[in-house]
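**Student:** Structure incoming, see below.
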Amino acid sequence: MKFFIASPWKNKAQVEQLTEELERIGHSAYSFVKSGANLLTGKPIEAEMKEFSDALMNWKADDRIAKIAESEVQALRDADVVVLLLPAGDSSHMEAGIGYGLGKRMILIGPVEKPEIIYLLFNHVYLDVSSFLREFAFPNMDA
312 MKFFIASPWK NKAQVEQLTE ELERIGHSAY SFVKSGANLL TGKPIEAEMK EFSDALMNWK
372 ADDRIAKIAE SEVQALRDAD VVVLLLPAGD SSHMEAGIGY GLGKRMILIG PVEKPEIIYL
432 LFNHVYLDVS SFLREFAFPN MDA
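Read in order, the letters of the sequence shown are residues 312 to 454 in the working numbering.
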């Protein structure tokens with residue numbers, strides 16, 4: 312299965328964990344961490360978030376932002392499943408909405424601190440990454 316992980320930079324560690332676990336069990340996962348369409352520099356997360364925020368301020372002229380947007384929309388089209396990993400901001404929620412509009416299977420992971428109506432559209436809801444990996448009915452990849 313192809314997963315699209317929608318989540319903000321502040322969740323980088325959880326996104327890395329989920330991406331690695333999905334790949335370990337034979338699935339592919341698109342996320343800002345592994346996509347190549349990001350501004351990750353290997354610096355501390357706070358520095359990366361600042362660099363991204365600075366680039367975003369000039370979103371119309373910064374080609375890197377356009378490339379990220381194009382890459383993410385294509386990955387949403389290609390995905391079988393869209394995962395919204397909470398807590399998440401407007402962009403991640405928008406990505407989830409695009410996934411729903413494209414007819415993707417929807418998964419919500421994380422404690423819901425601020426309920427949103429869109430959460431009713433998710434097929435599956437899990438408290439954390441571990442419970443998702445333990446409880447989700449993954450297709451048999453050996454068949």
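Beta carbons are placed, not taken as given, at the ideal position from N, Cα and C, and that holds for glycine.
Whole angstroms is fine: what's the gap from Val326's alpha carbon to Phe343's?
**Tutor:** Position 15 of the sequence shown holds residue 326. Position 32 of the sequence shown holds residue 343. Distance between the alpha carbons of Val326 and Phe343: 8 Å.
**Student:** My output table needs one value for Ile336: the three-state DSSP class, helix, strand or coil.
**Tutor:** The count along the sequence shown starts at 1 and reaches residue 336 at position 25. Reduced to three states, the DSSP call for Ile336 is coil.
**Student:** Would you decide whether Gly449 is buried or exposed? Buried here means 16 or more other CB atoms lie within 10 Å of its CB.
**Tutor:** Counted from its first residue, the sequence shown places residue 449 at position 138. Correcting the residue identity first, residue 449 is Phe in this sequence and not Gly. With fewer than 16 other Cβ atoms within 10 Å, it is exposed.
**Student:** Measuring alpha carbon to alpha carbon, tell me which residue in Ile429, His338, Gly414 is nearest Ser403.
**Tutor:** By 1-based counting over the sequence shown, the position of residue 403 is 92. Nearest C-alpha to Ser403: Ile429.
**Student:** Kindly indicate the opening and closing residues of the alpha helix (DSSP H) around Val423.
**Tutor:** As a position in the sequence shown, residue 423 is number 112, starting the count at 1. Per DSSP, Val423 belongs to no alpha helix (DSSP H) and is neither H nor E.
**Student:** Contact defined as beta carbons within less than 8 Å: I believe Glu359 pairs with Trp320. What is the distance between those atoms, to the nearest angstrom?
**Tutor:** In the sequence shown, the residue the question calls residue 359 occupies position 48. In the sequence shown, the residue the question calls residue 320 occupies position 9. So it is a contact: roughly 6 Å between Cβ atoms.
**Student:** Expressed to the nearest angstrom, what Euclidean distance is found between the alpha-carbon atoms of Leu431 and Asp439?
**Tutor:** Within the sequence shown, residue 431 is the residue found at index 120, counting from 1. Within the sequence shown, residue 439 is the residue found at index 128, counting from 1. Their Cα atoms are separated by approximately 18 Å.
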